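2 protein chains.
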Amino acid sequence: MVVVAKTKTPAHEAQQFFFEIGMQTRQLVVASLSELGLTFPLAHALRLLEPGHPRPMSELAELLVCDASNVTALADRLESKGLAERQPHPGDRRVKALALTEDGIELRERVLELMSEPPPPIAALSVSDQRALRDILRRAVEIQRG
Amino acid sequence: MVVVAKTKTPAHEAQQFFFEIGMQTRQLVVASLSELGLTFPLAHALRLLEPGHPRPMSELAELLVCDASNVTALADRLESKGLAERQPHPGDRRVKALALTEDGIELRERVLELMSEPPPPIAALSVSDQRALRDILRRAVEIQRG
DNA sequence: GGAAGATCCTTGAATTAGTCAAACATTGCA
DNA sequence: TGCAATGTTTGACTAATTCAAGGATCTTCC
Numbered sequence: 119m120v121v122v123a124k125t126k127t128p129a130h131e132a133q134q135f136f137f138e139i140g141m142q143t144r145q146l147v148v149a150s151l152s153e154l155g156l157t158f159p160l161a162h163a164l165r166l167l168e169p170g171h172p173r174p175m176s177e178l179a180e181l182l183v184c185d186a187s188n189v190t191a192l193a194d195r196l197e198s199k200g201l202a203e204r205q206p207h208p209g210d211r212r213v214k215a216l217a218l219t220e221d222g223i224e225l226r227e228r229v230l231e232l233m234s235e236p237p238p239p240i241a242a243l244s245v246s247d248q249r250a251l252r253d254i255l256r257r258a259v260e261i262q263r264g
Numbered sequence: 119m120v121v122v123a124k125t126k127t128p129a130h131e132a133q134q135f136f137f138e139i140g141m142q143t144r145q146l147v148v149a150s151l152s153e154l155g156l157t158f159p160l161a162h163a164l165r166l167l168e169p170g171h172p173r174p175m176s177e178l179a180e181l182l183v184c185d186a187s188n189v190t191a192l193a194d195r196l197e198s199k200g201l202a203e204r205q206p207h208p209g210d211r212r213v214k215a216l217a218l219t220e221d222g223i224e225l226r227e228r229v230l231e232l233m234s235e236p237p238p239p240i241a242a243l244s245v246s247d248q249r250a251l252r253d254i255l256r257r258a259v260e261i262q263r264g
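In structure tokens:
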């Protein structure tokens, strides 16, 4: 089933395909994550915790664009799974930073691999299309950052 | 903040950019949807209900790749918002089909527009890049369907 | 025709995700 | 010192989702 709106510009058409592939990809990712015992939000949080760089919970809330109390809940779950732990912040006793455990570091690595796995539609493209796609998307990302 | 795994093939790299743009897009879409009083799952369901084509709830469950009881809950919310209603299925009294109301048809239209709106990174591309992107993604989608 | 099994939807109980408002501790400033 | 701002938590609530179980209706097959 494909749902398509009236198209206008190339960008609109591109976005419709983009969206369709994205939806499918997400489902595949969610399925793979569940084999690792993770949900998408948890995996997303895990991704943002870099090994050796404990992150204050408030900072995580900002990156996740969510309420601080939600981070409390996510942190609870990460801790209960033994993937991360709250650390006191030297110099500010209000702050608790989340740090990955050994298990967390390992699992995060698998999450990163899994999330960069090209989904079937992209994997099925010719290599030259894949390269062209990569270059265009890189430009898209970089224009915006710049 | 950008999180990147060790890259391998062009497809992997493409996927990383794809994913990044997709995450950002989703947030924007969720924000726009909430102005319409909709959540993402509700909007997704709305999208799958074509005007004039009531859809059995079981069929919706299949398209949404979710449990039938979840569709019951979604249908309840759509009905309580006056966007859809359950209809008896002529010929099989077990089946209830969801049909859009007038309001539902109208809102669905806005959802489709909103979801095909190119996000900033794609909108910022040159028109020729947009066209190339559209063509490649179309091939990706079509290869897979074929 | 009627029993057995399959299909469709709902209900109830549970977990996760998320918001908001209120509370608490700690910091930093005036 | 006193007070406002900041960081985290708690509690109450809604939404999304799954699973197991139940009730209604169909289908099949003797």
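Taken in order, these protein sequences are the chains called D and F. Here my numbering is used: the first residue of the first sequence is 119, the next is one more, and so on. Here my numbering is used: the first residue of the second sequence is 119, the next is one more, and so on. No residue lacks a Cβ here, since even glycine has one placed at the ideal position from N, Cα and C. Please read all numbers here as calculations on a predicted model, not as lab measurements.
Contact check, residue i vs residue j, beta carbons under 8 Å
{"i": "Leu160(F)", "j": "Leu216(F)", "result": "no"}
{"i": "Ile254(F)", "j": "Ala242(D)", "result": "no"}
{"i": "Pro237(F)", "j": "Gln142(F)", "result": "yes"}
{"i": "Phe135(F)", "j": "Met233(D)", "result": "no"}
{"i": "Leu178(F)", "j": "Leu166(F)", "result": "yes"}
{"i": "His207(F)", "j": "Leu182(F)", "result": "no"}
{"i": "Val259(D)", "j": "Ile139(F)", "result": "yes"}
{"i": "Ala193(F)", "j": "Arg204(F)", "result": "yes"}
{"i": "Leu218(F)", "j": "Leu201(F)", "result": "yes"}
{"i": "Ser198(D)", "j": "Ala186(D)", "result": "no"}
{"i": "Pro128(F)", "j": "Arg249(D)", "result": "yes"}
{"i": "Leu164(F)", "j": "Gly209(F)", "result": "no"}
Burial state of residue i, where buried means 16 or more other Cβ atoms lie within 10 Å
{"i": "Phe158(F)", "result": "exposed"}
{"i": "His130(F)", "result": "buried"}
{"i": "Glu235(D)", "result": "buried"}
{"i": "Gln145(F)", "result": "exposed"}
{"i": "Gly170(D)", "result": "exposed"}
{"i": "Asp247(F)", "result": "buried"}
{"i": "Lys214(F)", "result": "buried"}
{"i": "Arg226(D)", "result": "buried"}
{"i": "Arg252(F)", "result": "buried"}
{"i": "Arg245(F)", "result": "In the sequence as displayed, the identity of residue 245(F) is Val instead of Arg. Classification of Val245(F): exposed, given that the 10 Å Cβ count is below 16."}
Residue i - DSSP class collapsed to helix/strand/coil
{"i": "Leu196(D)", "result": "helix"}
{"i": "Glu235(F)", "result": "coil"}
{"i": "Pro169(D)", "result": "coil"}
{"i": "Pro208(F)", "result": "coil"}
{"i": "Leu181(D)", "result": "helix"}
{"i": "Ala242(F)", "result": "coil"}
{"i": "Leu230(F)", "result": "helix"}
{"i": "Leu216(D)", "result": "strand"}
Discussion item. For the region 187–213 of chain D, list every residue whose C-beta sits within 7 Å of some C-beta in chain F, in sequence order.
Written reply: Hits within the stretch: zero.
Worksheet item: For the region 229–250 of chain F, which residues have a CB atom closer than 8 Å to at least one CB atom of chain D, in sequence order?
Response: Going along the region 229–250 of chain F in chain order, one finds Leu230, Glu231, Met233, Ser234, Glu235, Pro236, Pro237, Pro238, Pro239, Ile240, Ala241, Ala242, Leu243, Val245, Asp247, Gln248, Arg249, Ala250 with a Cβ nearer than 8 Å to chain D.
Worksheet item: Got a sec: which bits of the region 128–155 of chain F sit with their beta carbon under 7 Å from any beta carbon on chain D, in order along the chain?
Response: Those would be Pro128, Ala129, His130, Glu131, Ala132, Gln133, Gln134, Phe135, Phe136, Phe137, Glu138, Ile139, Gly140, Gln145, in chain order.
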